[in-house]
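Novice:
Numbering (the working numbering), first residue to last: 1 to 255.
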């Protein structure tokens, strides 16, 4: 496959993602928490930054955009509906748009919840899914602006994508997320195994992001709110799925 994916740690716990097409030599970035580590990665590899894709407006995802744009003249891509609070956009995209980035189709997916204007980027040809702070490794973003119903709909929309998809999310929160997930499903064998692997990885200073969508479906409590075993564990056997999701989110907020 001509595309390469590079995970770039930024700030204290953020991730940015570089996508490089070895055929065209084009490079794209998803989210820009800060410029310096991204520029170091680009310069070290001799890559030019053609495009910057933004998932949402929060500062820890956009603060590096201006400096990167100034250095590389990159095309900045973000949601038209949220452009009033994003860095200046060269390409404002709408939900369900399909754009060309690094020679691949990029599908724009609506994922409100963490913020109302949050979008995800799906590259089906490369099986890459960039979720920002919507779907996260064994977690999901706090509902700063959206409702439980919006976030549940967003997560189920993402869950319907192929299980082989590589989920590139925005933060290294996985160890804490795993500890919380075990309070919901302590007997989930896949979860227990993944939690142990995450503990080992972090002890060795390794990233736990990206993950695969199939891993998230098996272990992420926020994707499992409609599972009978999860409802039973919460004593909510007859509750609507969205109410179960809201309860899980409320428990995580207090965790």
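Cβ atoms here follow ideal geometry from the backbone N, Cα and C, with glycine treated the same way.
1. Quick check on the DSSP output: what are the complete alpha helix (DSSP H) runs of length 4 or more inside the region 146 to 205, in order along the chain?
2. Considering only C-alpha positions, which residue in the set 110, 170 and 89 is nearest to residue 156?
3. Can you tell me whether DSSP reads residue 255 as helix, strand or coil?
4. Look at the Cβ atom of residue 104, then the Cβ atom of residue 117, and state whether they are nearer than 7 angstroms.
5. In whole angstroms, give me the CA-to-CA distance for residue 138 and residue 214.
6. Provide the residue span of the alpha helix (DSSP H) that contains residue 60, from first to last.
7. Which whole runs of the beta strand (DSSP E) in the region 2 to 58 are 3 residues long or more, in chain order?
8. Going by C-alpha distance, which of 219, 200, 161 and 147 is nearest residue 189?
9. To the nearest angstrom, report how far apart residue 123 and residue 107 are at their CA atoms.
10. What does the Cβ neighbour count give for residue 178, buried or exposed, with the cut at 16 atoms within 10 Å?
11. Which residue wins for smallest C-alpha separation from residue 100, given the options 15, 36, 14 and 121?
12. Residue 113: buried (16+ other C-beta within 10 angstroms of its C-beta) or exposed?
13. Going by the CB atoms, is the gap between residue 72 and residue 49 shorter than 7 angstroms?
14. On the criterion of 16 or more Cβ atoms from any shown chain inside 10 Å, does residue 115 qualify as buried, or is it exposed?
Specialist: By the coordinates alone:
1. Every alpha helix (DSSP H) of 4 residues or more that sits fully in the region 146 to 205 is shown, in chain order, as 148 to 159, 174 to 184 and 189 to 203.
2. When C-alpha distances from residue 156 are compared across 110, 170 and 89, the shortest belongs to 110.
3. In this structure, DSSP gives residue 255 a state outside helix and strand, which the three-state scheme calls coil.
4. Cβ atoms of residue 104 and residue 117: not closer than 7 angstroms.
5. When only Cα atoms are considered, residue 138 and residue 214 end up about 11 angstroms apart.
6. Its alpha helix (DSSP H) spans residues 59 to 62.
7. Taken in chain order, the complete beta strand (DSSP E) segments of 3 or more residues contained in the region 2 to 58 are 3 to 10, 14 to 21, 27 to 30 and 51 to 53.
8. The shortest C-alpha to C-alpha distance from residue 189 to any of 219, 200, 161 and 147 is the one to 219.
9. Cα-Cα distance, rounded: 6 angstroms.
10. Result: buried.
11. When C-alpha distances from residue 100 are compared across 15, 36, 14 and 121, the shortest belongs to 121.
12. Per the 10 Å Cβ criterion, buried.
13. Yes, they are a contact pair.
14. Around the beta carbon of residue 115, 16 or more other beta carbons sit within 10 angstroms, so the residue counts as buried.
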